[in-house]
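In our numbering, the protein residues as written are -19 to 135.
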Amino acid sequence: MSSMRDAMKRLQVVYEACAPEPVADEGADGKKIDEFTRVRKRIHLDVKAVRQELKEREDMMSTGGTTTESAEKSYRIRVAIRGLKEQSARLVELVGKEERRKKKDPEAQAHLAQRREILELCQKHIEECENLEKRKFNESYTEARVELLGNSNRS
-19 MSSMRDAMKR LQVVYEACAP EPVADEGADG KKIDEFTRVR KRIHLDVKAV
31 RQELKEREDM MSTGGTTTES AEKSYRIRVA IRGLKEQSAR LVELVGKEER
81 RKKKDPEAQA HLAQRREILE LCQKHIEECE NLEKRKFNES YTEARVELLG
131 NSNRS
């Protein structure tokens, strides 16, 4: 039994050394944050990170063309966008739940309209990130196409 206690003590020490600090679910004004707000803020931070990675990849590709680093960064960006879509789906679920619960309250309807607008904006940001990711491929494709068509018209 003592070996089990020793093992538990060691695990507790490792946990205390490695575990992140607990994050309070409170906003700046001290109120509790609901899940919708928490997910929305997470999406905000992730979109910001994706945009930064897109900028870094664009800089990397402008200086050195396509390399293994730029390919890895592109992969990480696509994975992050996929995660953003999953979080957006969670927001859709949360708004749907609220709609079912609070159908008749006029004050709740105004709150739901605001949440729907926030959801729509989040989805637009995610779509914009996707378009920025795809732009890399579209730009090179259209440049090659213009060059090809430009050369064929000269003949």
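From the three backbone atoms N, C-alpha and C, an ideal C-beta is built for every residue, glycine too.
None of the values given here were measured: they were computed from a predicted structure.
Residue range of the alpha helix (DSSP H) that includes residue i
i: A29; result: E15 to G44
i: T47; result: Here T47 belongs to no alpha helix (DSSP H), and DSSP marks it neither H nor E.
Spatial neighbours of residue i in its chain, beta-carbon cut-off 7 Å, leaving aside the 5 residues before and after
i: E113; result: L34, I57, R58 and I61
i: I98; result: R20
i: R80; result: none
Minimum C-alpha distance to residue i - residue among the options
i: G63; options: D(-14), E110 and Q(-8); result: E110
i: R95; options: M41, L71 and K84; result: L71
i: K217; options: V(-7), D39, M(-12) and F16; result: Here the chain comprises residues numbered -19 to 135, so residue 217 is not present and cannot be evaluated.
i: K53; options: L74, A29 and A(-3); result: A29
i: R18; options: L74, K83 and K82; result: L74
Same chain, Cβ closer than 8 Å to residue i, neighbours up to 5 away in sequence not counted
i: K65; result: I106
i: T48; result: none
i: S135; result: Its pLDDT being 47, under 50, S135 is placed unreliably in this model, and the coordinates cannot settle the point.
Cβ-based neighbour list, residue i, same chain, cut-off 6 Å, excluding 5 preceding and 5 following
i: M41; result: S50
i: K82; result: A88
contact_flag[the stretch 80 to 92, the stretch 32 to 43] where n(CB pairs < 8 Å) is 3 or more: no
Segment contact, 8 Å Cβ cut-off, at least three pairs: the stretch 67 to 86 with the stretch 19 to 33: yes
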